[in-house]
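S.K.: Pasting a structure here, questions to come.
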Amino acid sequence: MSFINYSAREINCKLVYYGPGLCGKTTNLQFIYTKTKEDAKGKMISLATETERTLFFDFLPLNLGSIRGFKTRFHLYTVPGQVFYDASRKLILKGVDGVCFVADSQEERMEANIESLDNLRYNLEEQGYNLDELPYVIQYNKRDLPNAMPIPELSEMLNPNRVPEYEAAAVDGTGVFETLKALAKQVLNELRKGST
Amino acid sequence: MMNPQMVMYEEELAQIQAITDKLLRDSRSQTILVVDKNGQMIVTSGGSTDLDTTSLSSLVAGNVAATGGIAQVIREDEFTGQFHEGKDISVHMTLVARRIILVVLFGKETTHGLVRLRVRKAIGDLTAVFEALERKAATQSPQQNVFAEITDDDIDNLFND
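Protein chains in written order, with my numbering: chain A, 111 to 306; chain B, -2 to 158.
In structure tokens:
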């Protein structure tokens, strides 16, 4: 649910990075954080365990600039990927404006990808959303690893509706901003559609 | 869309600001934040400029969401209030109209009892404003919405860095 502040002339939108454990959601946000100019970002918050696994969420506020005199702010969140944190994942999806599903390209993580995608759809439905109607992109992460599956195979299993999909290696930043931009554009387009 | 956008107008923002400014004085607290349940900050009163209100808003919303989750698990409707006691600063959080969080940061200049008392009065006033705001947003004609005029170029220009 975007928040439009006519008084402060601001639009605030919430983007959520979803995906199985260790697929690179936090790494996406960390790369965006390190490559964004100081005046365009707030502090990145990570609620993580002592072993750096996301416990509740990561949060990164970004100011993308102005559109028709309105400052556009995107709040980026990740969910904890580990299966048993499902209650937390549901909470973070509340009020979401756009979702990026980060898939792990490694063959041995295919089952985890499918399970997480099903879980995303289910948790969204519980909140009254339909994934097919939300701004939504898929990122195939870890393309730099030797055991990465071919894109057509991943696409066939994870992207039956042919939503925009991007290849990435979040550790070195490949594809990270492309994914973010594609999602942010969809969200702004949705705002436009919603207003007509 | 399933969830209507939350929209804030100048008039209501001024009313909310007036309520929180009054609460700040009456409760002798240090900072007041009004945050929506998704972590977007709406208004602040008092507080130093170096306070990271964006982070604070997101964490408060996370905290309230987690507490709401606990309520569900134990089959409680919701916890409307929370209190965190610190050595120098304490935090009192209250849910207003089920979608807004009123956050009061206070120190030794006041007491938790006084804060709670003043907050109770402010909640009534805030609820009335947010209910009116919801009705106004629902009846707002689409022509007045600035986003209908956004072009593809406007969106593309955001990313030309």
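Ideal Cβ positions, reconstructed from N, Cα and C, are used throughout, including at glycine.
These numbers were taken from a predicted model, which means no experiment stands behind them.
Here's the rule I'm using: 16 or more other beta-carbon atoms within 10 Å means buried, otherwise exposed. How should P171 of chain A be labelled?
M.R.: buried
S.K.: Nearest by alpha-carbon distance to D33 of chain B: which of A:P256, A:N229, A:N122 and A:K252 is it?
M.R.: A:N122
S.K.: How many angstroms separate the CA atom of F180 of chain A from the CA atom of D153 of chain B?
M.R.: Taking the CA atoms as reference points, F180 of chain A sits about 15 Å from D153 of chain B.
S.K.: P130 of chain A by DSSP, collapsed to three states: which one?
M.R.: coil
S.K.: Going by CA-CA distance only, name the one from A:L298, A:T188 and A:R163 that's closest to S176 of chain A.
M.R.: A:L298
S.K.: Quick check: what's the CA-CA separation for A280 of chain A versus A62 of chain B?
M.R.: 29 Å
S.K.: For L165 of chain A, which option in A:K153, A:I142 and A:L201 has the closest C-alpha, if you only look at C-alpha atoms?
M.R.: A:L201
S.K.: Pairing CB atoms from the region 185 to 201 of chain A with CB atoms from the region 17 to 25 of chain B, are three or more of them under 8 Å?
M.R.: No, they do not touch.
S.K.: In the DSSP assignment, the beta strand (DSSP E) including R72 of chain B goes from what residue to what residue?
M.R.: From DSSP, R72 of chain B is part of no beta strand (DSSP E); its letter is neither H nor E.
S.K.: Quick check on DSSP: helix, strand or coil for E217 of chain A?
M.R.: helix
S.K.: Assuming D214 of chain A contacts K252 of chain A (C-beta within less than 8 Å), just tell me the rounded distance between them.
M.R.: 6 Å
S.K.: Excluding the 5 residues preceding and the 5 following T77 of chain B in the sequence, name in chain order all residues of the same chain whose CB lies nearer than 7 Å to its CB.
M.R.: T91 and L92
S.K.: Could you give the residue range of the alpha helix (DSSP H) that holds A119 of chain B?
M.R.: H109 to T136
S.K.: Give the secondary structure of I147 of chain B by DSSP, where H, G and I count as helix, E and B as strand, and everything else as coil.
M.R.: coil
S.K.: At a CB distance below 8 Å, what residues from the region 29 to 60 of chain B approach chain A? Give them in sequence order.
M.R.: So the list reads D33, K34, N35, G36, Q37, I39, D49, T51, S52, S55, L56 and G59, given in the order they occur along the chain.
S.K.: Under 8 Å by Cβ, that's how I've got H81 of chain B and R113 of chain B pegged, so tell me the actual separation to the nearest angstrom.
M.R.: With a Cβ gap of about 14 Å, H81 of chain B and R113 of chain B do not count as contacting.
S.K.: Find the residues of chain B that neighbour A178 of chain A, judging by a C-beta separation of less than 7 Å, and give them in chain order.
M.R.: Before going further, note that residue 178 of chain A is Arg rather than Ala in the sequence given. In chain order: V143, E146, I147 and D151.
S.K.: When burial is assigned at 16 or more other CB atoms within 10 Å of the CB, is G83 of chain B buried or exposed?
M.R.: With fewer than 16 neighbouring CB atoms inside 10 Å of its own CB, G83 of chain B falls in the exposed class.
S.K.: Check the Cβ-Cβ distances between N0 of chain B and every residue of chain A, and say whether any is below 8 Å.
M.R.: Note that N0 of chain B scores a pLDDT of 47, beneath 50, so its modelled location is shaky and nothing firm can be said.
S.K.: Would you check if the distance between the CB atom of N35 of chain B and the CB atom of M111 of chain A is smaller than 8 Å?
M.R.: yes
S.K.: Nearest to V209 of chain A by CA position, among A:Y239, A:G304 and A:R119, is which residue?
M.R.: A:Y239
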